[in-house]
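I have placed the structure first, in the form of structure tokens, so that the comments after it can refer back to it.
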Amino acid sequence: MLNFYDCLIFRQNMVNDDKGKKFLELIDEQNNLQWSIIEKLIFLINAKWASSDTQNELESLVKKHSTLTKELNSLDENNSIL
Numbered sequence: 042m043l044n045f046y047d048c049l050i051f052r053q054n055m056v057n058d059d060k061g062k063k064f065l066e067l068i069d070e071q072n073n074l075q076w077s078i079i080e081k082l083i084f085l086i087n088a089k090w091a092s093s094d095t096q097n098e099l100e101s102l103v104k105k106h107s108t109l110t111k112e113l114n115s116l117d118e119n120n121s122i123l
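Residues in the sequence shown are numbered consecutively from 42, following this note's numbering.
See below:
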């Protein structure tokens, strides 16, 4: 039978596991966004910045990336990389 202390440690490990999983999911999403941003930048450079649709898409991707980065940073409260 688990005592109170063991239950607290078990719960903390569960929280850390959940935070770790969330962290990895966000890192993967951030990586995909970064590649999408690079793709849009390359397209715009090749098109001599002549596509307002792509410029808007790029702006949206950068905003998503910023939001995602803030969420990632909030998971690592103690700057310990979890």
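Each residue gets a CB set at the ideal place from its N, CA and C atoms; glycine is no exception.
Residues of its chain near residue i, where Cβ-Cβ distance is below 6 Å and the 5 sequence neighbours each way are ignored
i    : result
H106 : L74
L116 : K60 and F64
S77  : L102
Span of the alpha helix (DSSP H), counted from its first residue to its last, around residue i
i    : result
K111 : S93 to L116
Same chain only: Cβ atoms within 8 Å of residue i, ignoring 5 sequence neighbours per side
i    : result
D90  : Asp is not the amino acid found at residue 90; the sequence shown has Trp there. Counting only Cβ-Cβ distances below 8 Å, and skipping sequence neighbours, we find Q96.
S92  : F84 and L85
L113 : F64, L67, I68 and Q71
Minimum C-alpha distance to residue i - residue among the options
i    : options                : result
N72  : T110, D94, A88 and G61 : T110
V103 : N114, S92 and E80      : E80
Q) Do three or more CB pairs link the segment 99–115 to the segment 74–88 at distances below 8 Å? A) With a cut-off of 8 Å, the segment 74–88 and the segment 99–115 count as touching, because enough Cβ pairs lie within range.
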